[in-house]
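Q: What follows is a single structure, and I will ask about it in a moment.
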Amino acid sequence: MTELFGLPFLTGLALAVLLPIAGVWLRLREEWLAALAVAHLAGAGAVIALALSLPSLPGALIAAMLGMLGRHIPGAGNSAYGWLILAGWTITLLIAANSPLGETLARQVIEGQLYFTGPLELGAAVVLLGLTLALRRRIDRLELATRLLPPADAAERSRRRRLALITDLLLAALLAAGTLSIGLMATFALVLLPAWAAFRCATDWRQASRLAVGIGVIGYLAAFALALMFDQPFAAVLVATLLVSASAVRQLAPRGR
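Using the working numbering, read the sequence shown as starting at -14 and increasing by one per residue.
Okay, structure coming up:
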C-alpha cells in the first residue's frame, strides 16, 4: 500500500500546502476567480499537448502562465477571467471530442490523476514548495503593500511590478501542477475554500495564512483516507471535505477582529 500510494500521497500533500497559500494571495487581491480561469486554461493546454503526443506539463504550464499574465492587460478583471473560463472549457471539450483519446483526456483534467502521479510530479511539487517558501515573505509584503500603501516613487513602483510578475508566474505554475495532479475543481477548491474561511476568522495576516494551510492539509488527509476506504473518486471527496470543513470553520470559529 505504501509503495503504491506513497508518491501520490506526498505529491498531494505538497499541493495541499501550496494551493491554500496561493488562495490567500488571490483572496487579498480579490482575484480568486483567476484560480478557476487559469486552471481551465492549464487543463486546455494539457489536453492540447496530449493530443499532439507531447508531455502535458509544459502545455499546461505555458497556458496557465499566459492566462495569469493576462491580468496585466488594461481593463482586465473578473469579466476577463470569466472569458478565460469559457475559452478553456470550450477548448478542452472540443479537443477531447476530436482526439483518439477523447473522453479520457477530459476526465484527466476534470478529475485529476493523483493516484497515477510519480517522481516527475512529486519533483515538480517539491521544487514549487521550495520556491514558494523562499519567496513567501517577499510576496506577502508585496501583496500587503500593494493593497494598503501606494508606491513611494518610480523605483518602488518598478520593483513592485517585477515582483508581481514573478508572483504571477509562480501562481500559474502552482495552478498548472494542481490541475494536472488533483484535477481542475479540486485545485480550485484548495485555492478558494481555505482562504475563504481563514479571512473570516483570522485576526492578522500570518494567522490567516496558517489557518488556510491547516484547513487545506486536514481536508486533504481526510479526503485521501476516505477516498481509499470507500473507493470513491479522490477529487470529488476532496471538494466535499473542504466544503464541509471550511464552512464549519466559518460558522464555529469566532470572527476575526
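Where a beta carbon is used, it is the ideal one built from N, C-alpha and C, also for glycine. Since the model is a prediction, treat every value here as computed from it, not as a measurement.
#1: A220: buried (16+ other C-beta within 10 angstroms of its C-beta) or exposed?
#2: Taking the alpha carbon of A183 as the point to measure from, which residue in W10, A149, F(-10) has its own alpha carbon closest?
#3: Go through the region 146 to 191 residue by residue and report every complete run of the alpha helix (DSSP H) that reaches 4 residues or more, in order.
#4: Return helix, strand or coil for A238, following the three-state DSSP convention.
#5: When you compare the CB positions of A180 and G52, do they come within less than 8 Å of one another, or not?
#6: DSSP on A137, reduced to helix/strand/coil?
#7: Is it buried or exposed for L178, if we count other Cβ within 10 angstroms and need 16 for buried?
#8: Should T172 go down as buried or exposed, given a rule of 16 or more other Cβ atoms within 10 Å for buried?
#9: Grouping DSSP H, G and I as helix and E and B as strand, with all else coil, what is G67?
#10: If you reduce the DSSP assignment to three classes, tell me which class D125 lands in.
#11: Would you report the Cα separation of G44 and A27, rounded to the nearest angstrom?
#12: Should the region 143 to 154 be called in touch with the region 21 to 37, which here means at least 3 C-beta pairs below 8 Å?
A: Checking against the coordinates, here is how it stands:
#1: Numbered from 1 along the sequence shown, position 235 holds the residue referred to as residue 220. A residue is called buried once 16 or more other Cβ atoms fall within 10 Å of its Cβ, and A220 is buried on that count.
#2: Mapped onto the sequence shown, residue 183 falls at position 198. From the listed residues W10, A149, F(-10), the smallest Cα separation to A183 is found for W10.
#3: Those alpha helix (DSSP H) runs which fall completely within the region 146 to 191 and span 4+ residues are 169 to 186.
#4: Residue numbering aside, residue 238 sits at position 253 when the sequence shown is read from its first letter. In this structure, A238 counts as coil in the three-state DSSP scheme.
#5: Residue numbering aside, residue 180 sits at position 195 when the sequence shown is read from its first letter. Residue numbering aside, residue 52 sits at position 67 when the sequence shown is read from its first letter. For A180 and G52, no; Cβs fall outside 8 Å.
#6: Translated into the one-based positions of the sequence shown, residue 137 becomes position 152. In this structure, A137 counts as coil in the three-state DSSP scheme.
#7: As a working mapping, residue 178 is identified with position 193 in the sequence shown. Buried, because 16 or more other Cβ atoms sit within 10 Å of the Cβ of L178.
#8: The sequence position of residue 172 within the sequence shown is 187, counting from 1. T172 comes out buried.
#9: Here the question's residue 67 lines up with position 82 in the sequence shown. Residue state, collapsed to three classes: helix.
#10: Residue mapping note: residue 125 aligns to position 140 of the sequence shown, counting from 1. Secondary structure at D125: helix, using DSSP grouped into helix, strand and coil.
#11: Position 59 of the sequence shown holds residue 44. Position 42 of the sequence shown holds residue 27. C-alpha of G44 to C-alpha of A27: approximately 7 Å in a straight line.
#12: In this structure the region 143 to 154 does not lie against the region 21 to 37, because fewer than three pairs of beta carbons, one per stretch, are closer than 8 Å.
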